[in-house]
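Novice: Starting off with a structure, shown below.
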Amino acid sequence: MADETVYKRSPNAKVLSDSVPTKSVKLSFKDKSVDITKKIYIGRNPDNDITLENDPLVSRKHALVEIIGEICYIRDLNSTNNTYVNGNPLQKGETKELQGGDVIKIGKTEFTIFK
1 MADETVYKRS PNAKVLSDSV PTKSVKLSFK DKSVDITKKI YIGRNPDNDI TLENDPLVSR
61 KHALVEIIGE ICYIRDLNST NNTYVNGNPL QKGETKELQG GDVIKIGKTE FTIFK
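Have a look at this one:
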């Protein structure tokens, strides 16, 4: 079955030309910070890029954070207990554009996006 994910760009999003350097996007949580330069998988399994292994509210493969072009997105990977952005739950499989300052909650862990 083909991947049918549809990415929607916010009408407020700015598309930068190739001549402008890409801004760094960081995902910060606890005392850690991760540069988002590739797909970042978050979940309970140890094969994820960010593992939240001792949280029963986290699915094995819970969410994916990635940059497409100049825009950062999060996608819920059909998690059991939802992925939250700024307190609002994503639907199973839903993808949402992220802005600087957005707070993501997966299980008991909160992440902040820095652009």
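Take 1 as the starting number for the sequence shown in the working numbering and just add one per residue. In this text, a Cβ means the ideal position worked out from N, Cα and C, and glycines have one as well. Computed from a predicted model, the values in this text were never measured in an experiment.
1. Tell whether a beta-carbon distance below 7 Å holds between V58 and L52.
2. So V103 is in the beta strand (DSSP E); what residue range does that whole segment cover?
3. So what's T109 in DSSP terms, helix, strand or just coil?
4. The beta strand (DSSP E) spanning G43 covers which residue range?
5. Here's the rule: buried if 16 or more other CB atoms are within 10 angstroms of the residue's CB, otherwise exposed. What is G43?
6. Consult DSSP for P89 and reduce its assignment to one of helix, strand or coil.
7. Measure the beta-carbon distance from F29 to E110 and round it to whole angstroms, keeping in mind my assumption that it falls under 8 Å.
Specialist: Looking at the atomic coordinates:
1. Looking up residue 58 in the sequence shown gives position 58. Looking up residue 52 in the sequence shown gives position 52. Cβ atoms of V58 and L52: closer than 7 Å.
2. As a position in the sequence shown, residue 103 is number 103, starting the count at 1. V103 -> beta strand (DSSP E) spans V103 to I106.
3. Within the sequence shown, numbered from 1, the residue matching residue 109 stands at position 109. Under the three-state reduction of DSSP, T109 is assigned to strand.
4. On the sequence shown, position 43 is the one that residue 43 refers to. I40 to G43 is the span of the beta strand (DSSP E), which, as asked, contains G43.
5. In the sequence shown, residue 43 corresponds to position 43, counting from 1. Flag for G43 reads buried.
6. By 1-based counting over the sequence shown, the position of residue 89 is 89. Looking at P89 - three-state DSSP - the assignment turns out to be strand.
7. Mapped onto the sequence shown, residue 29 falls at position 29. Mapped onto the sequence shown, residue 110 falls at position 110. Between E110 and F29 the Cβ distance is about 7 Å, and since that is below 8 Å, they are a contact.
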